[in-house]
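If you're matching them up, the sequences are chains A and B in order.
Under this note's numbering, think of the first position of the first sequence as 89, with each following residue one higher.
Under this note's numbering, think of the first position of the second sequence as 13, with each following residue one higher.
Where is the CB? At the ideal position from N, CA and C, for every residue including glycine.
Quantities reported herein were computed from a predicted structural model and do not represent experimental measurements.
Below you'll find the structure, written out as structure tokens, and then a few comments.
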Amino acid sequence: MNASHGRTTLHARLAADLRARRPEAIEELLEAFGREIQGVAYLIVRNHADAEEIVMDTLVTAWGKGQTLRDDTALRSWLLTIASRHALSRRRRSRQWQPLIDAEQLPAPSAHSPSADRVAVAQALDALPAQVRAAIALHHVAGLTVAETAAALDKSQNTIKSQVRDGLARLRATLDVPARPVGGHKVDVERT
Amino acid sequence: MSSERDARIDRALRGELADLPFGVTPDMVESRLNQASMRFRLWRLALPLVAVASVLFVALMVAAPPWGIGDPSGAPTPSASVGQPPPSRAIAVLRATDVAETGELVLVDIWSGRTAATMEVGFDSVLAASPAGDRLYLLTSYGTDAASYDARLQVLDPNDLTELRSASVPDRWHNMLPASGSMTLSAAPDGERIYVVTAWSPEPGDNRYGVAVFDATATPVMERVELPCTPSATVATNAGLIVGCQDQQHLIEVSPSGAIVGEHAGPAGGAVGAAWDASSGHAVLLGSGGHLMELDASLRLVREARLDTGVRPGSLAVTADRLAFGVRTPGEMAFTQVALFDLRDLEPIESVELAQPAWSMTAVGSHFVLAYRDGGSVELRDGASLEPISTYELGAGVTLSAAVLRDEHPGLPTGRFMARSPIDGICFAFTVSEGSERLTDVQWWQPGSSADCTTRTSDMVRTTGSWDPPVLRIPVFTMDGGERSMDLRLTGLMADEINLHGAAFRRVSEVAPTFAPVP
Chain A
89 MNASHGRTTL HARLAADLRA RRPEAIEELL EAFGREIQGV AYLIVRNHAD AEEIVMDTLV
149 TAWGKGQTLR DDTALRSWLL TIASRHALSR RRRSRQWQPL IDAEQLPAPS AHSPSADRVA
209 VAQALDALPA QVRAAIALHH VAGLTVAETA AALDKSQNTI KSQVRDGLAR LRATLDVPAR
269 PVGGHKVDVE RT
Chain B
13 MSSERDARID RALRGELADL PFGVTPDMVE SRLNQASMRF RLWRLALPLV AVASVLFVAL
73 MVAAPPWGIG DPSGAPTPSA SVGQPPPSRA IAVLRATDVA ETGELVLVDI WSGRTAATME
133 VGFDSVLAAS PAGDRLYLLT SYGTDAASYD ARLQVLDPND LTELRSASVP DRWHNMLPAS
193 GSMTLSAAPD GERIYVVTAW SPEPGDNRYG VAVFDATATP VMERVELPCT PSATVATNAG
253 LIVGCQDQQH LIEVSPSGAI VGEHAGPAGG AVGAAWDASS GHAVLLGSGG HLMELDASLR
313 LVREARLDTG VRPGSLAVTA DRLAFGVRTP GEMAFTQVAL FDLRDLEPIE SVELAQPAWS
373 MTAVGSHFVL AYRDGGSVEL RDGASLEPIS TYELGAGVTL SAAVLRDEHP GLPTGRFMAR
433 SPIDGICFAF TVSEGSERLT DVQWWQPGSS ADCTTRTSDM VRTTGSWDPP VLRIPVFTMD
493 GGERSMDLRL TGLMADEINL HGAAFRRVSE VAPTFAPVP
């Protein structure tokens, strides 16, 4: 309760600073949401440098549109919405020019490696469409509701449910596990 | 079992994200904000006045006083005396005047420093001139009422800034400002096309960029094409528009008909500056790491080099034999140093520390023009040495943001002129009337023995002449009684006043050479 109240208070203050365009708002938003924005962006674009660019793009957009934020409690989902749209936009633009990576430079997954699951999940995630990754990133990883995710990605709720269900099924298939319905199992992206 | 394996997925995702290094700092975001809009910085600095958006040299087809005889009564006047003839007639300065996002376009007479005309414009506008210098093109990102986000391309008369034509630019950005610098306006060297790089957002956070192509003579938009990248530098050629992409080593080629017709290798790190070298007909592009590429009209690589550009070069400008760019310090959009290179061999010539940060630099003729961020001034510098020639103060507290180079065009002076041909030594005089391309009241005569045109040893012969090309047609009487004519090009040096098309003319109020009989 206290943590929730404290978070609500923090978000209200950040939203107020943003609306007032106080210079310190940028640093505060970066500290509060930077890594989470980066995480969502990275899951969509699958590129670290692009993810950091999206963090900056997101805060720039938030700065320019802060006055349109009506509900202070929606600050986090609003930022993640902006981030996901920047990520999809960047992904769409960069599609024509993928960097050339020497396959020999990629680490080979090892069945004995403690990170075998990570390698397998990462490769499976790479193979998913960006829209599906966005749905998973916002709903399954960041914990936005289906309605919030649908609004963020401008899709119907049924589409989001379907994308998350199918996407997770493919990730599970990578681990050779049976699919299960979309549930409330969330991953906490590291937050500060 | 299922939740256990879901947990493995979650651990994998969590671990991947937790291992991501996070290098974004507030300064980096602020720098990005500065790119997106100057407003952030200016709010922080609490400046009441903001930004001259661009500065442009234009040629005005109006009467010009002889160089050095500007009207001293005008204000403001140049703060430094000009040691050589200016490259053009006037400077068009685009200023943003306050945080209400309005601005003005100001024409400054280059001789006197006087404000010749002003016009209110919207914020974040872009300015360019036709290669002939007889038209100004103004792209306004949103209107002077700050309520409309529609963009408008206006064609203006550079004499008085009256609007000649206008056209809307489709699908302009809405609801927020585009990134500063992504909007460009370029006129093709042959004057046939105007290329407008615009941004728009079909939905929040979804930024799109495109090129709208206009027929320069008729203005209505011909075609618009979406770019597959964020533009970072553009240069118009007669064959189309070359677009450098932010952080991408690719160039997009847009045809004069408005289609993407090619993708080419660009400078490493992505183009940060591009300029048109009129003397060679080549495009010059500079990458973020100093990679310089020179491309011919077919976008074939002519030569390339690696220049020492410091951290982040910007504001590339090219004259006939010089190349210059600003050297920025990290985290700053403005630059405080200018590096000058010989365009022929790309050897460094000079590096000059500026007294104050400059937003941008352009080349005009053999000169460079700097627009300073603070202090509201535009500075004309010699192209060969970067020595300051003249400074134009535009008002306290006004900040400059950009300078846009346009073609040197000295304009057609009016009045009575006198000159002497160095080839055959004859003297001639003629009158140029405003709006006329003919030379009237043309006379020629043989000067006295001292080659002084104020004396003569022959009759004064009335003849004809034309301005374009600048020739005199002199009748020649042959031995058999026939007559033919000889065209005498107006080249050579006679006086030290105005140099036009290779001929130096001395403006005189009246030519009345004293008569000295032929010995």
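Item                                                                                                                                        : Value
8 Å Cβ cutoff met for His227 (chain A) and Val207 (chain A)                                                                                 : no
DSSP-derived helix/strand/coil call for Phe34 (chain B)                                                                                     : coil
C-beta atoms of Asp205 (chain A) and Leu118 (chain A) nearer than 8 Å                                                                       : no
N- and C-terminal bounds of the beta strand (DSSP E) containing Ile142 (chain A)                                                            : Segment 136–153 is the alpha helix (DSSP H) holding Ile142 (chain A); no beta strand (DSSP E) there.
Three-way DSSP call (helix, strand, coil) for Ile103 (chain B) in this model                                                                : strand
Pairwise C-alpha distance: Leu298 (chain B) and His379 (chain B)                                                                            : 20 Å
Chain B within 8 Å of Gln126 (chain A), Cβ atoms only                                                                                       : yes
Within chain A, the residues that Pro243 (chain B) reaches when beta carbons sit closer than 7 Å                                            : The contacting residues do not exist; Pro243 (chain B) stays about 11 Å from chain A at best.
Length of the line joining the Cα atoms of Trp288 (chain B) and Thr246 (chain B)                                                            : 10 Å
Selection of the region 228–245 of chain A by Cβ proximity to chain B, strictly under 9 Å                                                   : His228, Val229, Asp242
C-beta neighbour in chain A for Glu265 (chain B), strict 8 Å                                                                                : no
Own chain partners of Ala129 (chain B) with C-beta closer than 7 Å, once the 5 adjacent residues on each side are dropped                   : Leu119, Asp172, Leu173
Start and end residues, beta strand (DSSP E) containing Val229 (chain A)                                                                    : Note, Val229 (chain A): premise wrong, no beta strand (DSSP E); not H, not E.
Where the alpha helix (DSSP H) containing Gly127 (chain A) begins and where it ends                                                         : 112–133
Residues bridged to Thr210 (chain B) (per DSSP)                                                                                             : B:Gly222
Close Cβ partners of Arg356 (chain B) (< 7 Å) along its chain, the five nearest in sequence each way excluded                               : Asp333
First through last residue of the beta strand (DSSP E) which encompasses Gln261 (chain B)                                                   : 260–266
The alpha helix (DSSP H) enclosing Glu255 (chain A), as first and last residue numbers                                                      : Looking at the sequence provided, one finds Gly at residue 255 (chain A) rather than Glu. Counting along the chain, the alpha helix (DSSP H) containing Gly255 (chain A) begins and ends at 245–262.
Any non-hydrogen atom of the ligand NAP closer than 7 Å to Glu238 (chain B) Cβ                                                              : For the ligand NAP, the structure offers nothing, since it holds no ligand at all.
Distance between His294 (chain B) and Gly285 (chain B) (C-alpha atoms, nearest Å)                                                           : 14 Å
Identified DSSP bridge partners for Pro400 (chain B)                                                                                        : B:Arg393
Top-ranked residue by Cα proximity to Met131 (chain B), from B:Pro170, B:Ala141, B:Arg220                                                   : B:Pro170
Partners in chain B for His99 (chain A), counting only beta-carbon separations shorter than 7 Å                                             : Ordered by position in chain B, no residue passes the 7 Å Cβ test against His99 (chain A), which lies about 19 Å from the chain.
Whether Ala346 (chain B) touches Pro369 (chain B) by CB criterion (8 Å)                                                                     : yes
For Ala309 (chain B), the first and last residue of its enclosing beta strand (DSSP E)                                                      : Segment: none, Ala309 (chain B) is in no beta strand (DSSP E) and carries neither H nor E.
Among B:Asp259, B:Ala309, B:Ala19, B:Phe34, nearest to Leu256 (chain A) - alpha-carbon criterion                                            : B:Ala19
Contacts around Thr321 (chain B), its chain only, beta-carbon distance under 6 Å, and the 5 residues preceding and following it disregarded : Gly302
Beta-carbon proximity of Gly252 (chain B) to Gly278 (chain B), cut-off 8 Å                                                                  : no
Residues of its chain near Val273 (chain B), where Cβ-Cβ distance is below 8 Å and the 5 sequence neighbours each way are ignored           : Gly252, Glu265, Val266, Ser267
Residues, ordered as in the chain, of the region 22–35 of chain B that lie near chain A by beta-carbon distance below 8 Å                   : Asp22, Arg23, Ala24, Leu25, Arg26, Gly27, Glu28, Leu29, Ala30, Leu32, Pro33, Phe34, Gly35
Residue from A:Val133, A:Arg107, A:Leu147 whose Cα sits closest to the Cα of Leu176 (chain A)                                               : A:Val133
Proximity to Gly222 (chain B) [Cα-Cα], best of B:Ala228, B:Pro240, B:Ala230, B:Leu263                                                       : B:Pro240
Pairwise C-alpha distance: Ala150 (chain A) and Leu167 (chain A)                                                                            : 7 Å
Pairwise C-alpha distance: Val381 (chain B) and Ala375 (chain B)                                                                            : 6 Å
Classification of Thr452 (chain B) by the beta-carbon crowding that lies within 10 angstroms, buried from 16 upward                         : exposed
Simplified DSSP assignment, three categories, for Ile254 (chain B)                                                                          : strand
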